[in-house]
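Protein chains in written order, with this note's numbering: chain S, 281 to 442; chain U, 6 to 508.
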């Protein structure tokens, strides 16, 4: 088997998987008939359609020639992991994670954590620079989101304010 | 004259100090974020949407419209100065705009873009105002079958006019429709695809998808490129005014661009991107005047026409949204989300039940366009400074902005986990060359489509022929079929691929 377009081949597989998953999930709900559609009707039709489309795309990827094989290329794992981790840690800092006993730490701690983690995603990491950036972002966010827009966010850790 | 009464009402609403201020803030913020390379109007609107939650509905929509124009205009600035399109609709502006900048004529290029956009914006607003009333009347004749067929037409239009693989774009739409199914089914109360997670019974928030796929997905993909790939012209912007010769070339180009843009904007799926492409192609087909620079070498027409077209298209793409309640493209799909958050159900009833909002929004579009010219031409120095800020300082700020935006939407950490997941998915989409904009459009239209399909078939007692026996519905479906057939014709197919590859 020769894959002629890697991008299309894998996106076809992705669509097939998603289509099958949705169709399978939908078949568990009442389907009903055209005149009285159940909750499963529309998603089942769409799921099957998506799976068919995915199959077509995969098929085409193995048959139709492309110039350079449409390589997917390397995944940029470093930015991917750090950016998403920064986001998750920020969420945990704001809302706290009761399941591991983490109390809400508030906006300021969250911003410092986010800035430090996210900055790792770039090509260089300069501790002093990142600290200054975090301080500026924290001050500006406090002014913009808390003072100006009056968002209901905890600013300081719960154990400090309580 | 109804038109003038309506516009007068609109300007009455828009010309309050408060609303003018929100329009101004919107344009400013939109430009600020839109100038950043790789961040298009979609990501900008998604990021800034939470900032409008606390505002009254009229002010919020006015601000959002401002953000949209600002982001679009900011994208052109980036295109001209950095050789990087800030967004997809300025892809063609890059070609001649950047060449002009290299010849030290960044100023006239920016002015051409600004003035062209402003003129197109004025025309677009007038068209919007003129067409709104008759189209709304038509909309009241629509039954569920017509709405369903219209959405099919819209979705097909979105695919046809998108760049890249047709099949993949269709698949992305269907995936979007399916994601829209997650949550409680309104008819039966069954919680679909919620995996017993309480938060999922309300459905996936569209902010989560928009921010994850467009915000994080693009930041990650930008970071994986080297910083050295960017070259910024910061020092060489001097003298904004185009010469007399420039004006002579610009004016007809702007007129053509505006006409083309207004037309394409109304079509479902059209919007700004297609308008810009088409306008550039048209200019290239028009004969060069003696002494004019060829296209691709810094011809001012190559900047003025697409910029006018994309702004006109941006303007008129509000028409289907405001009159029929159907978003013609992904940006408008976000506007639907924004309106729903403010408890406005987009559709023909908005104009009759909420005329202040309707006409106020239209009037503020014009004001927004005016502000952009005022904001951009004198302040261009500030935007250039912003462009020279290293990306390593910018992206943590963008990440933070997204995270706060997501969290403040519902004040739950659950949304933040979801954005993490969709950020990953968004990056996978980019890697696999699957355009994410149709997904968002499908996501917004999914629940609507299902509802109209159900109603149409309930009324016809399960008879599917209702879609072709009702004349309005039949003609909409026919239009969709013709559109699809035309694109699939071998000769057109080759041309279409060529048109998107060429630049």
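Ideal placement from N, C-alpha and C gives every residue a C-beta, glycine not left out. Note that the structure is predicted; figures quoted are calculated from it, not measured.
At what residues does the alpha helix (DSSP H) containing residue 371 of chain U begin and finish? The count along the second chain starts at 1 and reaches residue 371 of chain U at position 366. Counting along the chain, the alpha helix (DSSP H) containing residue 371 of chain U begins and ends at 360 to 392.
Check your understanding: Taking the alpha helix (DSSP H) that residue 436 of chain S falls in, what are its first and last residues?
Key -> Residue mapping note: residue 436 of chain S aligns to position 156 of the first chain, counting from 1. That residue, residue 436 of chain S, is in no alpha helix (DSSP H); it is neither H nor E in DSSP.
Chain-ordered residues of the segment 394 to 409 of chain U with a beta carbon less than 8 Å from chain S: Answer in chain order: 396, 397, 398, 400, 401, 402, 404, 405, 407, 408, 409.
Next on the checklist: Between which residues of its own chain and residue 64 of chain U is the CB-CB distance below 7 Å, once the five residues before and five after are set aside?
Outcome noted: Taking the first residue of the second chain as 1, we reach residue 64 of chain U at position 59. Contacts found: 23, 24, 27.
Enumerated in chain order, which unbroken segments of the alpha helix (DSSP H) with a length of 4 residues or greater are wholly contained in the segment 140 to 226 of chain U?
-> Counting only runs of 4 or more, we get 149 to 166, 171 to 186, 211 to 214.
- Return the CA-CA distance between residue 99 of chain U and residue 164 of chain U, expressed in angstroms with no decimal places. Looking up residue 99 of chain U in the second chain gives position 94. Looking up residue 164 of chain U in the second chain gives position 159. When the Cα atoms are used, residue 99 of chain U and residue 164 of chain U turn out to be separated by approximately 24 Å.
Establish whether the CB of residue 384 of chain S and some CB of chain U are separated by less than 7 Å.
-> Position 104 of the first chain, counted from the first residue, corresponds to residue 384 of chain S. Interface residue (Cβ-Cβ distance to chain U less than 7 Å): residue 384 of chain S is not classified as such.
Problem - Other residues of its chain near residue 408 of chain S: CB distance less than 8 Å, five sequence neighbours each side excluded - result: The sequence position of residue 408 of chain S within the first chain is 128, counting from 1. There are no such residues.
For a contact defined as C-beta to C-beta under 7 Å, what are the partners of residue 323 of chain S on chain U?
Your numbering for residue 323 of chain S matches position 43 in the first chain. Per Cβ cutoff of 7 Å: 183, 186, 197.
| message | So the candidates are U:284, U:152, U:190, U:122; which of them puts its Cα closest to the Cα of residue 300 of chain U? | response | Here residue 300 of chain U refers to the residue found at position 295 of the second chain. Among U:284, U:152, U:190, U:122, the Cα nearest to that of residue 300 of chain U is on U:284.
Could you list which residues in chain S have their beta carbon closer than 9 Å to that of residue 429 of chain U, in chain order?
Start at 1 with the first residue of the second chain, and residue 429 of chain U comes out as number 424. Going along chain S in sequence order, the residues near residue 429 of chain U (Cβ under 9 Å) are 360, 364.
**Item:** Euclidean distance between Cα positions of residue 85 of chain U and residue 160 of chain U
**Value:** As a working note, residue 85 of chain U is residue 80 in the second chain. As a working note, residue 160 of chain U is residue 155 in the second chain. Rounded to the nearest angstrom, the two C-alpha atoms are 32 Å apart.
Sequence-distant residues of the same chain with beta carbon closer than 8 Å to residue 375 of chain S, five excluded per side = In the first chain, counting from the first residue as 1, residue 375 of chain S sits at position 95. So the qualifying residues of the chain are 384.
*asked:* I'd like to know if the segment 134 to 141 of chain U and the segment 420 to 437 of chain U are in contact, where contact means that at least 3 CB-CB pairs between them fall below 8 Å.
replied: Touching, no.
Task: Pick from U:262, U:177, U:298 that is closest to residue 298 of chain S, judged by C-alpha positions - done: On the first chain, position 18 is the one that residue 298 of chain S refers to. Closest by alpha carbon: U:177.
- Query: Can a CB atom of chain S be found closer than 7 Å to the CB of residue 179 of chain U?
  - Reply: What you label residue 179 of chain U is simply residue 174 of the second chain in a count that begins at 1. Output row for residue 179 of chain U: interface = yes.
(request) Can you say whether residue 326 of chain U is buried or exposed, counting buried as having 16 or more other CB atoms within 10 angstroms of its CB? (result) Taking the first residue of the second chain as 1, we reach residue 326 of chain U at position 321. Flag for residue 326 of chain U reads buried.
Worksheet item: Taking a cut of 9 Å between CB atoms, which residues from the segment 334 to 351 of chain S lie near chain U?
Response: Hits within the stretch, in order: 334, 336, 337, 340, 350.
inquiry  = Assuming the contact rule is C-beta atoms closer than 8 Å, residue 358 of chain S and residue 401 of chain S should be a hit. Round their C-beta distance to whole Å, please.
reply    = Sequence index remark: in the first chain, residue 358 of chain S carries index 78 (1-based). Sequence index remark: in the first chain, residue 401 of chain S carries index 121 (1-based). Sure, about 6 Å apart at Cβ, within 8 Å.
Beta-carbon contacts of residue 310 of chain S that lie in its chain and below 7 Å, excluding the five residues immediately before and after:
Here residue 310 of chain S refers to the residue found at position 30 when the first chain is read from its first residue. Spatial neighbours of residue 310 of chain S in its own chain (CB-CB distance under 7 Å, excluding positions within 5 residues in sequence) are listed in chain order as 318, 319, 320.
request  = Might you give, ordered along the chain, the residues of its own chain that have their beta carbon closer than 7 Å to the beta carbon of residue 380 of chain U, omitting 5 neighbours on each side?
outcome  = Walking along the second chain from the start, residue 380 of chain U turns up at place 375. If we look at residue 380 of chain U and ignore the five residues flanking it on each side, its Cβ neighbours are 32, 33, 36.
| So who's on the other strand from residue 312 of chain S, going by DSSP bridges? | Within the first chain, the letter at position 32 stands for residue 312 of chain S. DSSP output for residue 312 of chain S lists S:317 as bridge partner(s).
Chain S beta carbons: is any one of them nearer than 7 Å to that of residue 470 of chain U? Indexing the second chain from 1 puts residue 470 of chain U at position 465. It does not: the Cβ of residue 470 of chain U has no partner Cβ on chain S nearer than 7 Å.
Residues in the same chain with beta-carbon distance under 8 Å from residue 451 of chain U, minus the five sequence neighbours each way, listed in chain order, please. Position 446 of the second chain holds residue 451 of chain U. 181, 182, 183, 184, 185, 186.
*asked:* What would DSSP say about residue 382 of chain S, mapped onto helix, strand or coil?
replied: Taking the first residue of the first chain as 1, we reach residue 382 of chain S at position 102. Reduced to three states, the DSSP call for residue 382 of chain S is strand.
Q. Quick one: is residue 436 of chain U near chain S, going by C-beta distance under 7 Å?
A. If you number the second chain from 1, residue 436 of chain U lands on position 431. Under the 7 Å criterion on CB atoms, residue 436 of chain U is classed as interfacial with respect to chain S.
Taking 8 Å as the cut-off, does the segment 365 to 373 of chain S touch the segment 393 to 400 of chain S (at least 3 CB pairs, one atom from each stretch)? Because the criterion of three Cβ pairs below 8 Å is met, the segment 393 to 400 of chain S and the segment 365 to 373 of chain S touch.
- [ ] Give the single residue among U:18, U:41, U:9 whose Cα lies nearest to the Cα of residue 397 of chain U.
- [x] Working through the second chain from its first residue, we reach residue 397 of chain U at position 392. Cα-wise, what sits closest to residue 397 of chain U is U:41.
Residue 340 of chain U, buried or exposed, once every other Cβ within 10 Å from all chains shown has been counted against 16:
If you number the second chain from 1, residue 340 of chain U lands on position 335. Around the Cβ of residue 340 of chain U, a 10 Å sphere holds 16 or more other Cβ atoms; the residue is buried.
Residue(s) in a DSSP beta bridge with residue 449 of chain S: Because residue 449 of chain S is not part of the residues shown, which for chain S are 281 to 442, the question remains open.
Exercise. Using a C-beta to C-beta distance shorter than 8 Å, which residues of chain S count as neighbours of residue 467 of chain U?
Worked result: In the second chain, residue 467 of chain U corresponds to position 462, counting from 1. Within 8 Å Cβ-Cβ: 313, 314, 315, 316.
Using a C-beta to C-beta distance shorter than 8 Å, which residues of chain U count as neighbours of residue 319 of chain S? As a working note, residue 319 of chain S is residue 39 in the first chain. The contacting residues are 190, 192, 193, 195, 197.
Of all Cβ atoms in chain S, is any one closer than 7 Å to the Cβ of residue 421 of chain U?
Against the second chain, residue 421 of chain U aligns to sequence position 416. It does; some Cβ of chain S falls within 7 Å.
Using 7 Å as the limit for Cβ to Cβ distance, is residue 418 of chain U near chain S? Residue 418 of chain U sits at position 413 when you count from the first residue of the second chain. Chain S has a Cβ within less than 7 Å of the Cβ of residue 418 of chain U.
**Q.** Buried or exposed (CB count within 10 angstroms, at least 16 for buried), residue 29 of chain U
**A.** The residue given as residue 29 of chain U occupies position 24 in the second chain. Flag for residue 29 of chain U reads buried.
| message | Buried or exposed, going by whether 16 or more other CB atoms sit within 10 Å of the CB of residue 296 of chain S? | response | Working through the first chain from its first residue, we reach residue 296 of chain S at position 16. Of the residues assessed, residue 296 of chain S falls on the buried side of the cut-off, its CB having 16 or more other CB atoms within 10 angstroms.
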